[in-house]
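K.L.:
To convert, count from 1 in the sequence shown and add 61; that's the numbering used here.
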Amino acid sequence: MDAANIVDVVSDFVALKRAGANLKGLCPFHDDRTPSFMVSPAKNYCKCFACGKGGNPVGFIMEHEQLSYPDALRYLARKYGIPIEEKEATPEEIQSRTDRESMFIVNEWARDWFQHQLHETQDGRAIGLAYFHGRGFRDDIIQRFQLGFCPDAKNSQLAEEALKAGYQEKYLTNTIDEMEPRNSIGTGLCIKNDNGLFRDRFRGRVIWPIFTVSGRVAGFGGRVLDAATKGVNVKYLNSPESIVYSKRKELFGLYQAREAIRKQDLCYLVEGYTDVMAMHQQGVENVVASSGTALTNDQIRLIHRMTDNITVIFDGDEAGIHASERGIDMLLAEGMNVKLLLLPDGDDPDSFARKHNATEYQEYLTTHQVDFINYKTSHLMAAAEGDTTKMSALINNIVESIAVIPDEITRVLYIRQTAQTMQMEERVINAAVTRQMQKLLKERRKEREREERRGIPQAEGPSQQQEETLAEPADKERQAEATIPQHRTQDTGDPTAMTDIYERPLAQMLVRYGEQQMCIVEDEEGREIPLTVLEYTHYSLEEDKVSFRNALYQRILEEGLQHIHDEGFQTERYFINHPDQAISSLAFELSIDKEQLSRYHGEADAERVADVVPSLIASMKLHIARTQMNQFIEQTKKPEILKDRQALHQIMQLYYEVKKKAEELARQASDRVLIR
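1. Can you list, in chain order, the residues of its chain whose CB lies under 6 Å from that of C580, leaving out five sequence neighbours each side?
2. List the DSSP bridge partners of L401.
3. Would K108 and E486 be called neighbours here (beta carbons separated by less than 8 Å)?
4. Can S680 and Y574 be called in contact, C-beta distance under 8 Å?
5. Going by Cα to Cα distance, which pick from K148, N457, P242 is closest to V494?
6. Can you give me the C-alpha to C-alpha distance between I122 and L128, rounded to a whole angstrom?
7. Given a cut-off of 8 Å on the beta-carbon distance, is the pair I361 and E395 in contact?
8. According to DSSP, which residues form a beta bridge with A80?
9. By DSSP, does R101 sit in helix, in strand, or in coil?
10. Cα separation between M338 and T159?
11. Roughly how many angstroms separate the alpha carbons of N398 and Q317, rounded to a whole number?
12. From the DSSP secondary-structure annotation, give me the bridge partner or partners of P270.
13. Could you check whether the segment 612 to 621 touches the segment 66 to 86, counting it as contact only if at least three pairs of C-beta atoms, one from each stretch, sit closer than 8 Å?
14. Apart from the five residues just before and just after V119, which ones in its own chain have a Cβ nearer than 6 Å to its Cβ?
15. Closer than 7 Å by C-beta to R415: which residues in its own chain qualify, once you throw out the five before and the five after it? Chain order, please.
16. Tell me which same chain residues have a C-beta within less than 6 Å of the C-beta of D63, skipping the five on either side of it?
17. Can you tell me which residues form a DSSP beta bridge with L592?
18. Ends of the beta strand (DSSP E) at F649?
19. As a quick exercise: from A648, L677, G189, C88, pick the residue whose alpha carbon is nearest that of Q365.
20. Mind checking which residues open and close the beta strand (DSSP E) that includes K253?
21. Please report the distance separating the alpha-carbon of L709 from that of I678.
22. Specify the secondary structure class of M498 as computed by DSSP and reduced to three states.
23. Please report how far the alpha carbon of I322 lies from the alpha carbon of I166, in whole angstroms.
24. Quick one, are the C-beta atoms of V305 and M442 less than 8 Å apart?
25. Excluding sequence positions up to five away, which residues of its chain have a Cβ less than 8 Å from the Cβ of I702?
26. When the Cα atoms are used, what is the spatial distance from G629 to K104?
27. What is the rounded straight-line gap between the Cα of D641 and the Cα of V349?
28. Using the Cβ count rule (16 or more neighbours within 10 Å means buried), how would you classify H639?
29. Let me check understanding here. Comparing Cα to Cα, which of P144, Y228, Y130 lies closest to W170?
30. Compare the Cα-Cα distances from G209 to each of G195, E222, I188, S217 and report the closest residue.
31. Secondary structure at K108, three-state DSSP: helix, strand or coil?
32. Where in the segment 134 to 219 do unbroken runs of the alpha helix (DSSP H), each at least 4 residues long, occur, reported from the N-terminal end onward?
33. Spell out the partners DSSP gives G130 in its beta bridges.
34. Of all the alpha helix (DSSP H) runs that stay within the bounds of the segment 309 to 372, which reach a length of 4 or more residues?
35. Expressed to the nearest angstrom, what Euclidean distance is found between the alpha-carbon atoms of V75 and M367?
36. Output needed for D73: all residues of its chain with C-beta closer than 6 Å, excluding positions within five of it in sequence on either side, in chain order.
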């Protein structure tokens, strides 16, 4: 826990930028378009103030990598080179491993097995390694991507050795979930036929492991060798969909590229495995591949967490151009800064690399990037020249791309650039963009209505900022109300919300200053006893038989009292690193939220604790008293009470007793709190 630095840990997955004393980035847990994920170096904690997820280094890794607490500790131990003494797992412990973790373990075993076949067997060296060398790849690049080879054996050599090593059959095969393939169990490394015989899925292919961003092996890609491609319909084959691997959610090379992407604040996007390897060999490491699939929103978000800037490299043929063009609008809608680079006709990044040295290659990448408007106009203008219909289609093509951009300033700049390039009035382009945005808004609303009818949970739309821009004033008001964070409770008459207004500031003081000495009291024998903030709060609430209605606040008070005299105990550190994620998340939120305290009491620093805590306790008790008074008044309005003079007298007597107590509490709470 002492070695794990939250900035260091989170930076493996999210690009962070300084925001005062903290850092911010796009949340890795939900579809985040504006940075809502905050990292506090001082508190060694992170939290998303949109979806609420986060934690200390262990909690973050547990959530992001879906690991158990011990496995998250092992992950951090590996990261920081801290040795862990492990006892041999019992059969019961092996059986208790989750399916997800077991599949990662099987994949990592298979990765090592494929590598051994490539480098240590005669067929592997003569066939697999010869193939990679024939493509011009150096041994260091082959090692960097941990490539392998699967022999073309009639019997299932991999399955045989895996079962012998103790791995379960259900993780070697794949049990398909017909309703949702991504919930399928098993790696699919082997296929079992109706006769009960196994065969290796990737037999006779060279192998590319596909890593998660943290370096776990999620799946594999295999390619039939050139000599065997005749009559083969599927040249490339991937692992089947499962709970650890989804082709649409993975980017080949992201694990190897993540540091370079952050360092250069730029990501190159290409199509295939060999394109990525070729660029690494030319000294360009900030590159990933969509693995031959159409670009998906999940893949874009993986990149966007690390950089705002992306350059899409098109193959030099028309098919490659049209395939890549489809992803441009998706990238723009995500709020990324998009550049495009077109290679010479007939070349892809791999073939182009074989024709140029590293200096020429890198210079070409630097000097041939253009934004999407320049690309579309230069690529399509010649074909449209003199043809009004084609020219109109070109302009509409550009307008459709501009309309999906979420940032208003960026849209305005692109509208201006388009008007200048196309020699048209800016207002015409602006009007066309507005119409297209309204069209998109209507389409999204219809889609949401359809999903609501089907019972599909709603998520934030891809262009929420555009909806706010186009919404009517009344819509904007409703949206603003809906986006108030849950902990910013308002005086709406909701008893629960009102209670939290009075309880939350006191809970904040417990988290921030709970171990600090509050005052000194005398016991029955006249001895001076120092009381901490936690103890003072406990005794003050106990005096009137009052407790927090919020169960988490009450847990913080009670658990803090249990540890207050432990050596070195510090409430903020203890609760922020609490194993219960609900407690640690709340403690972090309370430790940084200054607004609630300053609303009534100004900045509550450590020197003012003795003044602020009694006032907050009095305010909390006063709210309870006022609630009771209101309840008494409501009771007196009931017909049955009005008819019973004795019951009415008892209620009024209780009312005046509570009112007297409330007046006393009001004086303690200072003149900032008024009795109604």
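The C-beta atom is built at its ideal place from N, Cα and C for all residues, glycine as well.
P.N.:
Checking against the coordinates, here is how it stands:
1. Looking up residue 580 in the sequence shown gives position 519. Only L592 meet the Cβ criterion.
2. Indexing the sequence shown from 1 puts residue 401 at position 340. Per DSSP, the beta-bridge partners of L401 are V373, V431.
3. Sequence index remark: in the sequence shown, residue 108 carries index 47 (1-based). Sequence index remark: in the sequence shown, residue 486 carries index 425 (1-based). Against a cut-off of 8 Å, the Cβ pair of E486 and K108 comes out as no contact.
4. Along the sequence shown, one-based indexing puts residue 680 at 619. Along the sequence shown, one-based indexing puts residue 574 at 513. Contact flag unset, no.
5. Position 433 of the sequence shown, counting from 1, holds the residue named residue 494. For V494, the nearest C-alpha among the options comes from N457.
6. Your numbering for residue 122 matches position 61 in the sequence shown. Your numbering for residue 128 matches position 67 in the sequence shown. In this structure, the straight-line span from the alpha carbon of I122 to that of L128 is close to 7 Å.
7. Position 300 of the sequence shown, counted from the first residue, corresponds to residue 361. Position 334 of the sequence shown, counted from the first residue, corresponds to residue 395. Taking the C-beta atoms as reference points, E395 is found nearer than 8 Å to I361.
8. In the sequence shown, counting from the first residue as 1, residue 80 sits at position 19. Per the DSSP secondary-structure output, A80 pairs in a beta bridge with N83.
9. The residue you call residue 101 lines up with position 40 of the sequence shown. According to the sequence shown, residue 101 is Ser rather than Arg. Of the three classes helix, strand and coil, the one that applies to S101 here is strand, per DSSP.
10. Locating residue 338 in the sequence shown gives position 277, where the first residue counts as 1. Locating residue 159 in the sequence shown gives position 98, where the first residue counts as 1. Cα to Cα, M338 sits roughly 33 Å from T159.
11. Residue 398 sits at position 337 when you count from the first residue of the sequence shown. Residue 317 sits at position 256 when you count from the first residue of the sequence shown. One C-alpha to the other measures close to 22 Å.
12. What you label residue 270 is simply residue 209 of the sequence shown in a count that begins at 1. P270 pairs with F281.
13. No, they do not touch.
14. One-based indexing of the sequence shown puts residue 119 at position 58. Only A133 meet the Cβ criterion.
15. Taking the first residue of the sequence shown as position 1, residue 415 is located at position 354. Cβ within range, chain order: G197.
16. Along the sequence shown, read from residue 1 onward, the residue named residue 63 stands at position 2. Nothing listed; no residue qualifies.
17. Along the sequence shown, read from residue 1 onward, the residue named residue 592 stands at position 531. Looking at the DSSP output, L592 bridges to C580.
18. In the sequence shown, counting from the first residue as 1, residue 649 sits at position 588. No beta strand (DSSP E) contains F649, which is instead part of the alpha helix (DSSP H) from 642 to 653.
19. Position 304 of the sequence shown, counting from 1, holds the residue named residue 365. A small correction: the amino acid at residue 365 is His; Gln does not occupy that position in the sequence shown. Ranking A648, L677, G189, C88 by Cα distance to H365 puts C88 first.
20. Looking up residue 253 in the sequence shown gives position 192. 251 to 253 is the span of the beta strand (DSSP E), which, as asked, contains K253.
21. Walking along the sequence shown from the start, residue 709 turns up at place 648. Walking along the sequence shown from the start, residue 678 turns up at place 617. C-alpha of L709 to C-alpha of I678: approximately 31 Å in a straight line.
22. Within the sequence shown, residue 498 is the residue found at index 437, counting from 1. Reduced to three states, the DSSP call for M498 is helix.
23. Locating residue 322 in the sequence shown gives position 261, where the first residue counts as 1. Locating residue 166 in the sequence shown gives position 105, where the first residue counts as 1. Each residue's Cα considered, the two are about 28 Å apart.
24. By one-based count along the sequence shown, residue 305 stands at place 244. By one-based count along the sequence shown, residue 442 stands at place 381. In this structure, M442 does not lie closer than 8 Å to V305 by Cβ.
25. Residue mapping note: residue 702 aligns to position 641 of the sequence shown, counting from 1. Cβ contact annotation for I702 (same chain, cutoff 8 Å, sequence separation greater than five): Q696, A708, L709, I712, in chain order.
26. Here residue 629 refers to the residue found at position 568 of the sequence shown. Here residue 104 refers to the residue found at position 43 of the sequence shown. If I take the Cα positions, the gap works out to 16 Å.
27. Your numbering for residue 641 matches position 580 in the sequence shown. Your numbering for residue 349 matches position 288 in the sequence shown. Cα to Cα, the separation comes out at about 37 Å.
28. Taking the sequence shown and counting its residues from 1, one reaches residue 639 at position 578. The residue is buried, with at least 16 neighbouring Cβ atoms inside 10 Å.
29. Here residue 170 corresponds to residue number 109 of the sequence shown, with the count starting at 1. It is Y228.
30. On the sequence shown, residue 209 is found 148 positions in, with the first residue counted as 1. Out of G195, E222, I188, S217, I188 has the C-alpha closest to the C-alpha of G209.
31. Locating residue 108 in the sequence shown gives position 47, where the first residue counts as 1. If DSSP states are grouped into helix, strand and coil, K108 belongs with the strands.
32. The qualifying runs are 152 to 157, 160 to 181, 191 to 195, 200 to 205.
33. Here the question's residue 130 lines up with position 69 in the sequence shown. Rather than Gly, the amino acid found at residue 130 in this sequence is Tyr. Looking at the DSSP assignment, Y130 forms no beta bridge with any residue, so it has no partner.
34. DSSP runs (the alpha helix (DSSP H)) wholly in the segment 309 to 372: 315 to 325, 334 to 342, 358 to 365.
35. Reading the sequence shown from its first residue, position 14 is the one you call residue 75. Reading the sequence shown from its first residue, position 306 is the one you call residue 367. CA-CA distance, V75 to M367, rounds to 5 Å.
36. Stepping through the sequence shown from its first residue, residue 73 is reached at position 12. Answer for D73: no residue qualifies.
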